[in-house]
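Some notes on the structure that comes next.
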Amino acid sequence: MSPTLAEEGLTIPDAPAEPGEFERSLRATRESGRKLLVAYVTGGLHDEWPDVVRAVADAGADAIEIGIPFSDPVMDGPVIQEASELALRDGASPVTVLDTLRTIDAGVPLAVMTYYNLAFHMGHERFASLMYEAGVRAAILPDLPLEEVGPWASAADPAGIETVMLAAPTAPDERLPRVVARSRGFVYAVGLLGVTGERDALAESSLIIARRLKAITDKPVLVGVGVSNGEQAAEVSQVADGCVIGSALMRRVVAGEGPAGAGAFIAEVRAALDAS
Amino acid sequence: MSLPEPSSSGRFGEFGGRYVPETLVPACQELEAAFREAWADQSFRDELDGLLADYAGRPSPITECHRLSAELGVRVLLKREDLNHTGSHKINNVLGQALLAKRMGKTRLVAETGAGQHGVASATAAALMGMECKVFMGEVDMERQALNVFRMRLLGAEVVPAMSGSRTLKDAVNEAMRDWVGTVENTHYCLGSVMGPHPYPWMVREFHTVIGKESREQCAKLLENEIPDVVTACVGGGSNAIGIFSGFADTTAELVGVEPAGGAAVGRGVPGVVHGMKSYLMQDEFGQVQEAHSISAGLDYPGVGPEHSHLSSIGRARYEQVTDDEVIAAFQLLSRTEGIIPALEPAHALAWISRDRAKLAGKTVLLNMSGRGDKDVGQMMEILG
C-alpha cells in the first residue's frame, strides 16, 4: 500500500483565514484605487543593491521582491540567471542578503523570491524566522508547487511569512481554486508559458489567466513573467490588480544603470499604471 | 517486479517528489497518467518490444571476460548494452518515451545530454518517429564530445549549447526544463535518466528494467548459482544501474553503484532539491548546488536519481567512488584484455572491481557495460598521448 500524504508528512495545511501583513498592505493600496506594482531586485548584486531597493521603493513600487540568488534558477530566463550568477560570484548567500536587508528601510513590504533548496537546506523554521527578522513578510518559491508546499507552509505560516503561490495558464479549472486558497500575500499569475524575461508584446495568456483568477478570488492578483514596460503593465492591469516587473528592471541594473536608472524605470512604469 | 512503484506523491522512501514550476505540474500529471495507462496496455508493450528487438538489436548478450577475469582474479561478466543501436543503454528509454510522446499527441522532443549518448539516442528516436528534436548540451561537453554533436545534427536534431553555470549536464537539464516550461503544449521532455520530477524516475526505470530482466534470465543459464555475487554499474543519474539492479533487487546479489569521486552525490552529498526531485546532492553550506568534476561527461552531475538515494539509505545498494586516474587505467585494461573499448562511464565500474579485486577474489561480478568507447577515443588520445 502506498503511504498517505499524511504518513509522508506532506499534508497541506489550510492557509490562515486572516490575511497577513503583506496582503493587508496590498489590499489597502488596491482599495485606495491604485494599481499594484511589485518590483523584483536580485539581492547581493553589486554593493549598491540596497540603494537599488530604496530607489525602486521611492519611485513607486508598492512592494519589493528580493531575489536570493540560487545556482540553478529553472524558472528564470537569461537576465535573472545572469544577475544571480553575478551576485553569487560576489559572494551573495541567504545569510548575507538577509543580513543586509535588515539595514534597508525601504518603507514598503518585502517578499523573498528564491528556490526551495535554500529553505530546505537551512531548515524551514530557521529560514522562515531569519526572513521575518530581516523584515520580510512573504516568500515566493517557484519550484514548490501546491503538492509539495505542505512542510514549508507548516513552518512559514506560524512564522509570519506569507507563501505566495503561482497560478499558471496550464492549470485546469479544478486546480486554480486550490492554488488560490493556499496563496497568501497575493496570487502570482504566471503571464505566459515560459520563464521570466522581457517580451515584445504582452501575451494574450496574461489577460486570460488574470481574468480566470479575478473570477474566483478577492486576493490581490498580480501578473508576472513577461511584463516588460509601462505600457504592458497598464494593459495587464486593466484586468489584474497589478503586476510584477523583474527582468526589465534587472537588465538595466546588470547593464550598470545603477539605483538612478532603476528608479527612473520604475517611475516610468508607475506613471503608466497611474495614467491608465 | 522486484523494485516497487513509488508512493502516490512520487517518493521512494523520503526521496523523489515533484518539485517543478506550477506551469509543469499538469504536464507531469498528464505524463504519469499516460505512462500508467500505456504500461498496462499490451499493445504498447508489444510495439516497444518490437522496436527494441528489430531496431535496437535486443536482447544484448552477456560476455564472459576470460582474460580480464584471469588478470583480476575476479570472474567478470559484461552485460553488453554497448552493442545496442546508438551504442548505449539510453536507447531503451528513448524508444519508450518517444512512443509514449506520440501516443500523447506530442510532436516535439526536448532533451538534455551530458556525454551525448542520450542526445544521440533521442535524436535517433525522433528521426525514427518523425518528430522534431532539440537537445541541450553543456558548452564544455560540446567541446569534449564533438563527435556526438555532429551525430545529433546528422540525425536532424538541433543542438543548443547550455551556457550558464558550469556549462555541463546540470545546466543542460536546467535549459531543457526552461524550454519545456515554454513549449509544454506540444513538447515532451525526454529526460535521460532516473531523475527529475515524478513520474520520470519511475518511468525511466521501467523502460530500463529490460536490462535486468534479460540479465537475470541469462545468468540463470550461465551460472551454476544462477545469480552473480555482485551486480555493479556506474552511477551519474543512475539509469543503467537501476536497470540492471531491478533484475536482482530480490536476490542475494550485492548491488554496487560506482560514482566518480568528483560527482559523488550519494558518497559526498546531503539531501537536497533540484531538477524536480529530492535526492542526495552535492551542495555548499547554503544549499547552492556544486559543480561536479569528472573525466566522464556522462557522470558529471552533482545529483543522483532518488531511488538510488533510497536504496543507499535502506542499505540495499552501496555506492563506491573512483578517481579519474583509476578510470583511465580501467579503460585501457578492458581494451587490452578483452578487445572491448568501454565508454568512460562503465569504465568507472570496472575501475572499482580492479581496485577492490582482493576483496572480490573468487567472486562473480556482473557489470553493466552501458556504452561503447568510440565517443571517448578522441579525449583519451589527448590524455594518453
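Residue numbers (the working numbering), protein chains in the order written: chain A, 873 to 1148; chain B, 5 to 389.
Ideal Cβ placement from N, Cα and C applies to all residues, glycine included.
At which residues does the beta strand (DSSP E) containing residue i begin and terminate?
| i | result |
| --- | --- |
| A/A1011 | V1008 to I1012 |
| B/Q121 | Element bounds for B/Q121: not the beta strand (DSSP E) but the alpha helix (DSSP H), Q121 to M133. |
| B/A68 | The residue you asked about is not Ala; residue 68 of chain B is Glu in the sequence shown. Run containing B/E68: I66 to E68, per the beta strand (DSSP E) assignment. |
| A/I1117 | G1114 to I1117 |
| A/M985 | L982 to M985 |
| B/K138 | E136 to G142 |
| B/R22 | F19 to Y23 |
| B/T236 | V234 to C238 |
| A/A1225 | The question about residue 1225 of chain A has no answer, for chain A in this structure spans 873 to 1148. |
| A/G939 | A935 to G939 |
Spatial neighbours of residue i within its chain, please: C-beta separation below 7 Å, excluding the five flanking residues on both sides.
| i | result |
| --- | --- |
| B/D380 | A347 and L348 |
| B/A265 | Q325, V326 and T327 |
| A/S1100 | E1070, R1071 and A1120 |
| A/G1130 | E920 |
What does a CB cutoff of less than 8 Å around residue i pick up in its chain, not counting 5 residues either side in sequence?
| i | result |
| --- | --- |
| B/N229 | T368 |
| B/E295 | G169, S170, T172, K174 and P306 |
| A/T972 | G915, G916, W921 and P922 |
| B/M286 | G267, A268, A269, R272, G273, V293, Q294, A296, P306 and G307 |
I need the DSSP call for residue i, collapsed to helix, strand or coil.
| i | result |
| --- | --- |
| B/K4 | Nothing about residue 4 of chain B can be read from this structure; chain B reaches only from 5 to 389. |
| B/Q287 | strand |
| B/Y204 | helix |
| B/E258 | strand |
| B/E411 | Only positions 5 to 389 of chain B appear in this structure, which leaves residue 411 of chain B out of reach. |
| B/S92 | strand |
| B/F252 | coil |
| B/E189 | coil |
| A/G1135 | helix |
| B/P264 | strand |
| A/G1096 | strand |
| A/F999 | helix |
| B/K282 | strand |
| B/E116 | strand |
| B/A166 | strand |
| B/M373 | strand |
| A/F894 | helix |
| B/R71 | helix |
| B/R62 | coil |
| A/P888 | coil |
| B/P275 | strand |
| B/R15 | strand |
If contacts are defined as beta-carbon pairs under 8 Å, then residue i and residue j qualify, I think. What distance do you get, rounded to the angstrom?
| i | j | result |
| --- | --- | --- |
| B/N372 | B/S243 | With a Cβ gap of about 10 Å, B/N372 and B/S243 do not count as contacting. |
| A/M1037 | A/V1059 | 7 Å |
| A/V1097 | A/G1063 | 5 Å |
| A/L1013 | A/I884 | About 14 Å separates the two Cβ atoms, so there is no contact after all. |
| B/C238 | B/S73 | Their Cβ separation, rounded to whole angstroms, is 20 Å, which puts B/C238 and B/S73 out of contact at 8 Å. |
| B/I246 | B/H312 | 7 Å |
| A/G949 | A/V913 | Between A/V913 and A/G949 the Cβ distance is about 16 Å, and since that is not below 8 Å, they are no contact. |
| B/G118 | B/A301 | 5 Å |
| A/E937 | A/V1116 | 7 Å |
| A/D1045 | B/V24 | Going by Cβ atoms, the distance from A/D1045 to B/V24 rounds to 20 Å, so no, they are not a contact pair. |
| A/G1114 | A/A927 | Not really, about 19 Å apart at Cβ, beyond 8 Å. |
| B/T255 | B/W356 | Rounded, the Cβ-Cβ distance is 20 Å, inconsistent with contact. |
Within a Cβ cutoff of 6 Å, which residues of the same chain sit near residue i, ignoring the five residues on either side of it in sequence?
| i | result |
| --- | --- |
| B/M156 | G123, V124, A127, V139 and V163 |
| B/L68 | A small correction: the amino acid at residue 68 of chain B is Glu; Leu does not occupy that position in the sequence shown. So the qualifying residues of the chain are L81. |
| A/P1106 | Per the sequence shown, residue 1106 of chain A should be read as Ala rather than Pro. These residues qualify, in order along the chain: A1144, L1145 and S1148. |
| B/A2 | Because residue 2 of chain B is not part of the residues shown, which for chain B are 5 to 389, the question remains open. |
| B/R209 | V198 and I246 |
Determine the extent of the alpha helix (DSSP H) in which residue i is found, giving its start and end residues.
| i | result |
| --- | --- |
| B/L388 | V381 to L388 |
| A/A1061 | No alpha helix (DSSP H) holds A/A1061; the beta strand (DSSP E) holding it covers V1059 to V1062. |
| B/L56 | Q46 to D58 |
| A/V925 | W921 to D930 |
| A/N1101 | Element bounds for A/N1101: n/a, residue is neither H nor E. |
| A/P966 | P966 to R974 |
| A/I952 | P950 to R961 |
| B/R155 | A150 to L158 |
| A/F942 | Run containing A/F942: none; DSSP gives neither H nor E here. |
| A/I1081 | E1076 to K1086 |
| A/L990 | Y988 to M994 |
| B/G271 | A269 to R272 |
Which parts of the segment 300-350 of chain B are runs of the alpha helix (DSSP H), unbroken and 4 residues or longer, counting only runs that do not cross its ends? Qualifying alpha helix (DSSP H) stretches, in chain order: 310-317 and 328-342.
In chain order, each alpha helix (DSSP H) run of at least 4 residues that lies wholly inside the segment 1018-1057 of chain A: If we require 4 residues or more, the alpha helix (DSSP H) runs fully inside the segment 1018-1057 of chain A come out as 1022-1028 and 1048-1054.
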